[in-house]
Amino acid sequence: MRRFRRCLRAFARYRRELLLGGVSLTLASLLEAGIPVVASRGIRSVETYLSAEPRGERPDSFLLLVLALLLGGTVAKGFFRFWQRRLLIGVSRKVERDLKEEFFSHLLTLAPGFFARSRTGDLLSRATGDVEAVRLFLGAGFMYAASTLLLVPLALGTMIHFNPGLTALLAVPLGALAWSMKGLTRRLNRHSEAVQQSLAELSERAQENFAGVRVVKGFAREAWETQRFGAAAEAYRRHQIDLGRARAWNHVVLNASKDAAVLLILVVGGLGKLRGTFDLAGTYLFLDYVSRLYWPLIALGWMAGMYHRAAAGMARIEEVLSTRPEVETPREPVPVEAIGGEVELRDLTFAYDGAPVLRGVSLRIRRGEFVGIVGRIGSGKTTLVSLLGRLYPVPEGSIFVDGVDVNRIPLRKLRDAIGYVPQDAFLFSDTILENVAFGFDATPPVEAVARAAEAAALEADLASFPDGLATRLGERGVTLSGGQRQRVSIARACLREPRILVLDDALSAVDTETEARILDRLRLAARLRTVFLVSQRLSAVEAADRIVVLDEGRIAEQGTHRELLGRGGWYARTWRRQRIEGELERL
Ligand code: ADP
189 MRRFRRCLRA FARYRRELLL GGVSLTLASL LEAGIPVVAS RGIRSVETYL
239 SAEPRGERPD SFLLLVLALL LGGTVAKGFF RFWQRRLLIG VSRKVERDLK
289 EEFFSHLLTL APGFFARSRT GDLLSRATGD VEAVRLFLGA GFMYAASTLL
339 LVPLALGTMI HFNPGLTALL AVPLGALAWS MKGLTRRLNR HSEAVQQSLA
389 ELSERAQENF AGVRVVKGFA REAWETQRFG AAAEAYRRHQ IDLGRARAWN
439 HVVLNASKDA AVLLILVVGG LGKLRGTFDL AGTYLFLDYV SRLYWPLIAL
489 GWMAGMYHRA AAGMARIEEV LSTRPEVETP REPVPVEAIG GEVELRDLTF
539 AYDGAPVLRG VSLRIRRGEF VGIVGRIGSG KTTLVSLLGR LYPVPEGSIF
589 VDGVDVNRIP LRKLRDAIGY VPQDAFLFSD TILENVAFGF DATPPVEAVA
639 RAAEAAALEA DLASFPDGLA TRLGERGVTL SGGQRQRVSI ARACLREPRI
689 LVLDDALSAV DTETEARILD RLRLAARLRT VFLVSQRLSA VEAADRIVVL
739 DEGRIAEQGT HRELLGRGGW YARTWRRQRI EGELERL
């Protein structure tokens with residue numbers, strides 16, 4: 189049970205419900221064990237009356253009392269069973285929710301590197317399937333186990349009291365039932381997992397084919413993809429059949445053992461009645477107990493079978509929960525009032541895993557400066573700008589904002605001050621307004637949104653959308669062009685009025701004219717904020733206060749556009765090439 193420590197702590201939060209649920213469960217189990225005894229007393233009174241010579245007084249009033257007790261007992265039992273389930277299963281559902289929340293919020297503290305290493309489908313299955321397996325085991329599993337453990341001794345005690353021999357005989361089919369349930373449940377779990385997995389594969393195949401439909405068609409791979417989908421569908425069918433077979437086996441075993449138990453009771457009870465050693469009331473008592481013990485015994489075996497699935501699930505959840513975030517808010521932060529926007533890199537060297545991607549980069553950027561960062565693909569531009577907001581662990585003493593090491597600035601404060609527009613403009617399936625206002629807890633003022641949209645040159649597009657800012661994006665909404673997506677993403681960053689704005693090749697899909705418009709607006713605002721603009725297209729950085737050329741993680745050149753052209757290095761060469769390409773395109 190040690191591995192479930194985290195959940196048990198979560199359960200402890202709901203002590204009151206657990207206590208009340210436990211009381212309900214105890215009372216319901218006591219009634220469950222008592223009802224057959226009362227019923228058999230009634231039968232015995234009739235039996236005695238019928239067999240007495242001469243007949244005595246009819247036991248009418250006793251029978252009425254028995255009837256009243258049975259009725260009252262059954263209703264009360266139903267009441268307590270209801271509350272037992274309601275409270276205990278309710279707690280397990282709450283623990284499940286808490287665990288999911290903990291899992292999700294922990295995931296969001298982890299660095300992008302973690303997500304690059306993990307598969308989304310795998311994380312999702314941990315957050316849903318594994319958490320559910322744990323919940324089933326700790327909730328329903330424990331509840332049934334507890335009521336079984338209460339009911340079995342009471343029932344067994346009474347049965348032994350009435351007929352120890354028959355009780356011993358019954359231990360065979362009932363014990364076999366509980367025992368075989370363990371293996372059967374494990375088999376069921378295995379098959380239902382295989383079904384889940386093949387279903388996931390099937391939907392992934394379909395989803396990928398729909399998403400990549402242009403590639404599939406472009407390469408004329410329809411027949412091949414259909415065949416692959418067919419194979420996945422066939423695997424799904426096979427696993428379903430296996431699951432069905434395991435379920436059928438379950439039924440056979442369950443019914444066979446129950447029928448064997450009933451047969452045993454009828455034979456032994458009948459023989460006993462003939463010999464005068466056992467009566468009808470006793471036979472009834474055994475039949476009643478067997479039918480009541482039947483389900484709890486199944487549940488016990490079921491729980492033993494569930495244990496493995498739940499333990500494996502918990503281990504997979506723990507694995508993620510125990511992954512430490514690579515970047516944490518500083519333990520002893522330097523109190524910073526408001527961030528101004530001055531940035532200094534001091535001999536910054538950085539590596540992801542292997543060889544350094546940035547080597548000895550030093551830069552001093554004034555507040556309000558417009559910095560262009562260019563260089564070959566893979567030269568480290570994205571890495572450099574993602575380090576400003578500590579998306580990856582930053583070496584001590586290498587990046588300073590307003591003279592304070594970024595590792596000393598509270599993470600939230602630092603990231604609030606930086607408006608980051610990544611290369612892949614990610615938009616949620618929400619309205620444009622919600623996408624732009626993503627960084628806000630509440631809805632921002634309309635004028636602020638309008639200003640941000642203007643900064644990103646979105647006004648004309650908005651006017652052409654059916655519902656303006658309220659237009660829905662994504663699966664059930666409009667599809668934006670690459671450039672529009674980038675501009676929504678820029679508006680999102682501008683809305684926060686960050687002191688430092690980072691555009692990581694965020695204008696690549698925007699046409700040159702719109703790009704120029706956005707850059708003009710950025711420059712106007714640049715007196716207020718420091719701008720880092722990464723770009724493949726050199727025309728975007730032409731007007732920057734300073735252009736930094738990276739090459740294999742080092743600063744190869746820096747200066748204004750004019751200065752760099754004069755130097756005749758990579759920048760000047762690339763500038764000339766891009767200009768010729770641009771002119772050729774215009775022809
Ligand atoms: P640029 O933006 O100039 O194209 P990047 O900063 O994206 O360059 O990449 C610099 C180098 O770092 C490349 O060799 C790239 O393969 C590597 N790299 C980028 N991101 C990661 C990552 N998350 N993990 C490991 N290596 C990475």
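So the number in the numbering used here is just where the residue sits in the sequence shown, counting from 1, plus 188.
Each residue gets a CB set at the ideal place from its N, CA and C atoms; glycine is no exception.
Cβ shell of residue i (< 8 Å), same chain only, five flanking positions each side left out
i	result
Ala334	Gly210 and Leu213
Ser228	Ala469, Gly470, Tyr472, Leu473 and Asp476
Arg534	Ser550, Gly585, Ser586, Ile587 and Phe588
Leu615	Asn623, Leu661, Gly662, Leu668, Arg673, Val676 and Ser677
Which of helix, strand or coil DSSP assigns to residue i
i	result
Leu661	strand
Leu365	helix
Tyr608	strand
Val455	helix
Thr748	coil
Val522	coil
Asp248	helix
Thr781	Since the first residue shown for the chain is 189 and the last is 775, residue 781 is missing from the structure and cannot be characterised.
Asp699	coil
Ser550	strand
Asp476	helix
Phe466	coil
Leu354	helix
Arg229	helix
Val144	Given that the chain is displayed from residue 189 to residue 775, the structure contains no residue 144 and the question cannot be resolved.
Euclidean distance between Cα positions of residue i and residue j
i	j	result
Arg497	Ala503	10 Å
Glu514	Lys569	21 Å
Glu413	Asn397	8 Å
Trp271	Phe325	19 Å
Ala499	Arg519	34 Å
Leu488	Pro521	53 Å
Val582	Glu685	24 Å
Val340	Val441	21 Å
Ala200	Arg194	10 Å
Phe538	Leu572	9 Å
Ala259	Ala444	Checking the sequence, you will find Leu at residue 259 rather than Ala. Cα to Cα, Leu259 sits roughly 31 Å from Ala444.
Trp367	Leu599	55 Å
Leu337	Leu459	31 Å
Val478	Val226	16 Å
Ser652	Thr659	10 Å
Gly353	Leu462	17 Å
Buried versus exposed call for residue i [16 or more other C-beta atoms within 10 Å across all chains shown]
i	result
Gln384	exposed
Glu647	exposed
Val283	buried
Gln395	exposed
Leu196	exposed
Thr718	buried
Tyr608	buried
Glu220	buried
Asn377	buried
His439	exposed
Phe407	exposed
His349	exposed
Met494	buried
Of the residues the options, the one placed nearest residue i, counting alpha carbons only
i	options	result
Ala469	Trp437, Ser479 and Gly457	Gly457
Ser586	Ser567, Ala605, Leu551 and Leu536	Leu536
His379	Thr748, Ile553, Arg433 and Val279	Arg433
Asp248	Gly460, Ser233 and Ser313	Ser233
Gln674	Arg687, Val634, Leu650 and Ala644	Ala644
Arg596	Arg554, Glu290, Val666 and Glu516	Glu516
Ala436	Leu454, Pro224, Leu462 and Arg375	Arg375
Leu753	Ile735, Glu740, Arg742 and Ser652	Ile735
Glu245	Leu252, Tyr237 and Leu251	Tyr237
Ser696	Ala679, Ala704, Arg725 and Ser677	Arg725
Asp612	Leu253, Gly542 and Gly671	Gly671
Cys682	Arg555, Ser723 and Val637	Val637
Thr262	Arg480, Leu716 and Thr702	Arg480
Asp541	Gly770, Thr355 and Gly301	Gly301
Close-in-space but distant-in-sequence residues of the same chain around residue i (CB under 7 Å, 5 per side omitted)
i	result
Ala142	The first residue shown for the chain is 189 and the last is 775, placing residue 142 beyond what the model contains.
Arg785	As displayed, the chain neither begins before 189 nor continues past 775, which places residue 785 out of reach and without an answer.
Tyr482	Lys446
Arg680	Asn623, Val624, Phe626 and Gly627
Close-in-space but distant-in-sequence residues of the same chain around residue i (CB under 6 Å, 5 per side omitted)
i	result
Val319	Glu284, Leu287 and Lys288
Residue-level contact to chain D via CB, residue i, 8 Å cutoff
i	result
Ala704	Absent here is chain D; the protein component of the structure consists of one chain.
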